[in-house]
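Okay, so here's the structure we're looking at.
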Amino acid sequence: MIATGRIVRLAERDRAQLHLFLDGQVCTALAGDTVLTAMLASGHALRKSEFGPEPRAGFCLMGACQDCWVWQDKGPRLRACSALVSEGMRLRTTPSESWP
């Protein structure tokens, strides 16, 4: 298997596979993954940096800094670093006001 993400899964590959939609694209995750783990393992960045062209991958990764907010198509925003993936989640990396 060729790794394409910012993080590479080394263990626990035998968990059930789930699907979520991120900015309209289908991503896969494993049961028990956080949204941030699923994003980074599938090659997505959390968001773009406000200070340059670099993509962001989160800051503290433990729910303290509020850097990892993502928005649900329906419902409140959530912290990608601590929210668990559920089958069929529909998320976006920008608030709905700027969503095309």
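Sequential numbering of the sequence shown, starting at 1, is according to the UniProt record's numbering. Heads up, the beta-carbon is just placed ideally off N, CA and C, and yes, glycines get one too.
Nearest-angstrom beta carbon gap, residue j and residue i [assumed within contact, 8 angstroms]
i: residue 56; j: residue 69; result: Not really, about 11 angstroms apart at Cβ, beyond 8 angstroms.
i: residue 90; j: residue 21; result: 5 angstroms
CA nearest to the CA of residue i, picked from the options
i: residue 31; options: 16, 62 and 95; result: 16
i: residue 60; options: 45, 52, 72 and 81; result: 81
i: residue 35; options: 87, 83 and 74; result: 83
i: residue 73; options: 86, 63, 67 and 96; result: 96
i: residue 9; options: 63, 29 and 18; result: 29
Cβ shell of residue i (< 6 angstroms), same chain only, five flanking positions each side left out
i: residue 7; result: 40 and 41
i: residue 100; result: Here residue 100 scores only 48 on pLDDT, less than 50, and its place in the model is too uncertain to base an answer on.
Beta-carbon contacts of residue i that lie in its chain and below 8 angstroms, excluding the five residues immediately before and after
i: residue 65; result: 59
Contacts around residue i, its chain only, beta-carbon distance under 7 angstroms, and the 5 residues preceding and following it disregarded
i: residue 23; result: 92 and 93
i: residue 45; result: 55, 56 and 57
Strand pairing of residue i, partner residues [DSSP]
i: residue 56; result: 47
i: residue 28; result: 19
- request: Starting from the N-terminal side, write out each stretch of the beta strand (DSSP E) that is 3 residues or longer and does not extend beyond the stretch 59–95.
  value: 69–72, 77–79 and 90–92
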